[in-house]
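*Asks:* Below you'll find the structure I mean.
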Amino acid sequence: MNAKVDAVLKPVETGVGPVQAMIAVFSRDVRVAFRQRQDLLNPLLFFVMVVTLFPLGVSPEVEFLRQSGAGILWVAALLSVLLSLDHLFRHDFDDGTLEQLVLQPQPLFLLVLAKTLAHWMLTGLPLVLLTPILGIMVHLEGNSIAILCLTLLIGTPVLSLIGAIGAALTLGLRSAGVLLSLLIIPLYIPVLIFGTGTVAAASEGAPVAGYLALMGAFLVLALTLAPFASAAALRISMSNS
Amino acid sequence: MWQFFHKLGSPKWFYGIATRFMPWLLVAGLMLLLAGLVWGLAFAPKDYLQGNSYRIIFIHVPTAFLAQSMYIMMAAAGVVTLVWRMKLADVFVKAVAPVGLVFTFLSLFTGAVWGKPTWGTWWIWDARLTSMLILLFLYGGVIALDRAINDEKSAARAVAVLVLVGVVNIPIIKYSVEWWNTLHQPATLKLTEEPSMPTEMLVPLLLSIAGLYLLFGWLACLRMKTEILVREQRTRWVKDMIMAGGR
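Which chain is which? The protein sequence lines are U and F, in order.
All residue numbers for the first sequence refer to this note's numbering, where the first residue is 8 and numbers rise by one.
All residue numbers for the second sequence refer to this note's numbering, where the first residue is 6 and numbers rise by one.
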């Protein structure tokens, strides 16, 4: 009798370390995403379309576009990351995978971090790769484009990490998409300010190292704190359903 | 100390205490606020630069003060919810969030009314205005999340996580926005420095801040009592109280 209880209560020794588990979660997410390629393309198409709206809606003049191009690209990238966040946990939540992840002996925040990094690699990174083309289309100068890409490279992981908190909080709710935007957009504002501020400083010839360092600080802060909040939020949402 | 802490977790005990203290909070709050406002609006000297228009400060600063401190209070209550699962803490968050939203709006509104004669414009994308606007969004998000989750317990804990994430972000938002653009005059009251305004203006301002705090305490108690009644409507003590015709 006692031996049985002990066997039940003892933590399961899976022989899988936290890092191995993270790698497994990461590569699984990437594999699943590549089997549904349309889902990968949609945020990128959205990104390009939002950028297209500005010359059409405001002004196609070179001067205007050069001045506000970095801001337009940043806002568009922010919105398309926001749009893709709904998918971060949704499919796994629907088919029960997420429940199994929560039950794993490895710390949940590491697994969430792995999922978030996979999300960034599948949405944030392609956005960064697409930016030079769109940068040329809005007449940014070469130097500005390079700085813009750099800020997006540092900034989009922050967007994914903060967004994961919102995605976890709104999991399984009605009209989760709109609610997610309401919760997350205020938290995105500092990243946006510094992202566009860096490019503005670069185009005036001012040094940008300080700005980039601050953005790096945001990234470190989000990387260390956000996974804990996302994991806590996931547990709450799972107990809710 | 610990007994007090445990008692504080009991909605019934809080209901009784709140009922006893509320009239005092209301009377003291109204008296202080009235004194502050009458003194400030009618008797305090004119500002040599802004004339009479500065007098809105006696409404603007207290509302802004309270709007910010309410979010901090909510965050503290959020920690209590997450760590000790205390029922009253999440009743507090739920009751206070809409009040915070209204006060933030009021401070923005009175600020706009003040801005028109002083800066010549209703709205400007200045650092402190923008960060108050973002605070308004944060309150809106808290309320929206709370309404969206049906289960009471998960709603409370989800909201607590959101409030805590927000409170970590508030200083970052404040400083990034400040760096981005600044026109608003520096803070009126600082704890660490000598106040920059004469005593005849400062005293009524402090009076109205204290009065509004007490009135907020009264309102929070009232809203928390309502929320407790809704949540505990099936318990014996609520039924007994209603049957006895008590309040």
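Glycine included, C-beta positions come from ideal geometry on N, C-alpha and C.
These numbers were taken from a predicted model, which means no experiment stands behind them.
#1: Could you give the residue range of the alpha helix (DSSP H) that holds residue 241 of chain F?
#2: Leaving out five residues on either side along the sequence, give the residues of the same chain with a beta carbon under 7 Å from the beta carbon of residue 154 of chain F.
#3: Hey, how far is the Cα of residue 100 of chain F from the Cα of residue 22 of chain U?
#4: What residues from chain U crowd round residue 4 of chain F, counting only those whose CB sits closer than 8 Å?
#5: Rounded to whole angstroms, what's the CA-CA distance from residue 63 of chain U to residue 218 of chain F? Just pull it up for me.
#6: Give the secondary structure of residue 36 of chain U by DSSP, where H, G and I count as helix, E and B as strand, and everything else as coil.
#7: In this structure, does DSSP put residue 329 of chain U in helix, strand or coil?
#8: What residue range does the alpha helix (DSSP H) around residue 210 of chain U cover?
#9: If you run the structure through DSSP and keep just helix, strand and coil, what is residue 103 of chain U?
#10: So is residue 140 of chain U buried or exposed if we call it buried at 16+ other beta carbons inside 10 Å?
#11: Out of curiosity, what's the CA-to-CA distance linking residue 246 of chain U and residue 98 of chain U?
#12: Would residue 35 of chain U pass as an interface residue toward chain F - the criterion being a Cβ-Cβ separation below 8 Å?
#13: Exposed or buried, which one is residue 77 of chain F when buried takes at least 16 other CB atoms within 10 Å?
#14: Report yes or no: do the region 237-250 of chain F and the region 64-72 of chain F share at least 3 C-beta pairs separated by less than 8 Å?
#15: Is there a C-beta anywhere in chain F that falls below 8 Å from the one on residue 42 of chain U?
#16: For chain U, find out if any of its Cβ atoms is closer than 8 Å to the Cβ of residue 224 of chain F; answer yes or no.
#17: With 8 Å set as the bound, which would you pick, yes or no: does the beta-carbon of residue 219 of chain U sit closer than that to a beta-carbon of chain F?
#18: I need the DSSP call for residue 14 of chain F, collapsed to helix, strand or coil.
#19: Any chance the region 109-120 of chain U sits against the region 185-201 of chain U, with 3 or more Cβ pairs inside 8 Å?
#20: Could you work out which residue in F/229, F/245 and F/204 is closest to residue 102 of chain F when comparing CA atoms only?
#21: Any C-beta of chain U within less than 8 Å: which residues of the region 105-132 of chain F qualify?
#22: Once DSSP output is grouped into helix, strand and coil, what is the label at residue 76 of chain U?
#23: So is residue 246 of chain U in contact with chain F if we call contact Cβ pairs under 8 Å?
#24: Suppose you measure from the CA of residue 242 of chain U to the CA of residue 57 of chain U; what does that come to, to the nearest Å?
#25: Under 8 Å between C-beta atoms, does residue 235 of chain F make it to chain U?
#26: CA-CA distance, residue 22 of chain F and residue 107 of chain F?
#27: To the nearest angstrom, how far is the alpha carbon of residue 29 of chain F from that of residue 68 of chain F?
#28: Going by DSSP, name the residue or residues bridged to residue 52 of chain F.
#29: Would you say residue 193 of chain U lies against chain F (beta-carbon separation less than 8 Å)?
#30: Residues of the region 52-67 of chain F in Cβ contact with chain A at a cutoff of 9 Å, in chain order, please.
#31: Would you mind working out which of U/197, U/220 and U/122 sits nearest residue 100 of chain U, comparing C-alpha positions?
#32: In chain order, what residues of the same chain lie with their CB nearer than 7 Å to the CB of residue 223 of chain F, ignoring the 5 residues before and after it?
#33: On the premise that residue 116 of chain F lies in contact with residue 134 of chain F, defined as a C-beta separation below 8 Å, what is that separation, rounded to the nearest angstrom?
#34: Would you report the Cα separation of residue 176 of chain F and residue 224 of chain U, rounded to the nearest angstrom?
#35: By the three-class DSSP mapping on this structure, what secondary structure does residue 188 of chain F have?
*Replies:* Reading it off the structure:
#1: As a working mapping, residue 241 of chain F is identified with position 236 in the second sequence. It spans 241-248 - the alpha helix (DSSP H) in which residue 241 of chain F sits, taken as one unbroken run.
#2: The residue you call residue 154 of chain F lines up with position 149 of the second sequence. The answer, listed in chain order, is 160 and 163.
#3: On the second sequence, residue 100 of chain F is found 95 positions in, with the first residue counted as 1. On the first sequence, residue 22 of chain U is found 15 positions in, with the first residue counted as 1. About 48 Å.
#4: It is not possible to answer for residue 4 of chain F, since the shown part of chain F is limited to 6 through 252.
#5: Looking up residue 63 of chain U in the first sequence gives position 56. Looking up residue 218 of chain F in the second sequence gives position 213. Their Cα atoms are separated by approximately 51 Å.
#6: Position 29 of the first sequence, counted from the start, is the residue given in the question as residue 36 of chain U. Residue state, collapsed to three classes: helix.
#7: Lying before the first or after the last residue shown, residue 329 of chain U is absent from chain U, which here runs from 8 to 248.
#8: Counted from its first residue, the first sequence places residue 210 of chain U at position 203. Start and end: 183-210.
#9: Locating residue 103 of chain U in the first sequence gives position 96, counting from the first residue. If DSSP states are grouped into helix, strand and coil, residue 103 of chain U belongs with coil.
#10: Mapped onto the first sequence, residue 140 of chain U falls at position 133. Counting Cβ neighbours within 10 Å, residue 140 of chain U comes out exposed, since fewer than 16 surround it.
#11: The residue you call residue 246 of chain U lines up with position 239 of the first sequence. The residue you call residue 98 of chain U lines up with position 91 of the first sequence. Distance between the alpha carbons of residue 246 of chain U and residue 98 of chain U is about 17 Å.
#12: Within the first sequence, the letter at position 28 stands for residue 35 of chain U. No, residue 35 of chain U lies away from the interface with chain F (no Cβ there is under 8 Å from its Cβ).
#13: Here residue 77 of chain F corresponds to residue number 72 of the second sequence, with the count starting at 1. With fewer than 16 other Cβ atoms within 10 Å, it is exposed.
#14: no
#15: Here residue 42 of chain U corresponds to residue number 35 of the first sequence, with the count starting at 1. Not closer than 8 Å to any Cβ of chain F, the Cβ of residue 42 of chain U fails to qualify, so no.
#16: Along the second sequence, one-based indexing puts residue 224 of chain F at 219. Chain U contact via Cβ: absent.
#17: For the purposes of this step, residue 219 of chain U is taken as residue 212 along the first sequence, with counting starting at 1. Chain F, which has no Cβ nearer than 8 Å to the Cβ of residue 219 of chain U, makes this no.
#18: One-based indexing of the second sequence puts residue 14 of chain F at position 9. The answer is coil: DSSP assigns residue 14 of chain F none of H, G, I, E or B.
#19: no
#20: What you label residue 102 of chain F is simply residue 97 of the second sequence in a count that begins at 1. Of the listed residues, the one whose Cα sits closest to residue 102 of chain F is F/229.
#21: none
#22: Position 69 of the first sequence holds residue 76 of chain U. If DSSP states are grouped into helix, strand and coil, residue 76 of chain U belongs with the helices.
#23: Residue 246 of chain U sits at position 239 when you count from the first residue of the first sequence. Chain F, which has a Cβ nearer than 8 Å to the Cβ of residue 246 of chain U, makes this yes.
#24: Taking the first residue of the first sequence as 1, we reach residue 242 of chain U at position 235. Taking the first residue of the first sequence as 1, we reach residue 57 of chain U at position 50. Computed Cα separation, rounded: 35 Å.
#25: Stepping through the second sequence from its first residue, residue 235 of chain F is reached at position 230. Not one chain U Cβ lies under 8 Å of residue 235 of chain F.
#26: Numbered from its first residue, the second sequence carries residue 22 of chain F at position 17. Numbered from its first residue, the second sequence carries residue 107 of chain F at position 102. For residue 22 of chain F and residue 107 of chain F, the distance between alpha carbons rounds to 26 Å.
#27: Your numbering for residue 29 of chain F matches position 24 in the second sequence. Your numbering for residue 68 of chain F matches position 63 in the second sequence. Cα to Cα, the separation comes out at about 21 Å.
#28: The residue labelled residue 52 of chain F in the question sits at position 47 within the second sequence. Note: residue 52 of chain F sits in a beta bridge opposite F/56.
#29: For the purposes of this step, residue 193 of chain U is taken as residue 186 along the first sequence, with counting starting at 1. With 8 Å as the cut-off, residue 193 of chain U counts as an interface residue toward chain F.
#30: The chain labelled as chain A is not found among the protein chains of the depicted structure, namely U and F.
#31: Here the question's residue 100 of chain U lines up with position 93 in the first sequence. Closest by alpha carbon: U/122.
#32: Here residue 223 of chain F refers to the residue found at position 218 of the second sequence. Contacts found: 27, 30, 31 and 34.
#33: In the second sequence, counting from the first residue as 1, residue 134 of chain F sits at position 129. In the second sequence, counting from the first residue as 1, residue 116 of chain F sits at position 111. Confirmed, about 7 Å.
#34: For this step, residue 176 of chain F is matched to residue 171 along the second sequence. For this step, residue 224 of chain U is matched to residue 217 along the first sequence. Approximately 14 Å, taken between the alpha carbons.
#35: The sequence position of residue 188 of chain F within the second sequence is 183, counting from 1. Any answer about residue 188 of chain F is weak, because its pLDDT of 48 lies below 50 and its placement is not dependable; what the coordinates show is given next. The answer is coil: DSSP assigns residue 188 of chain F none of H, G, I, E or B.
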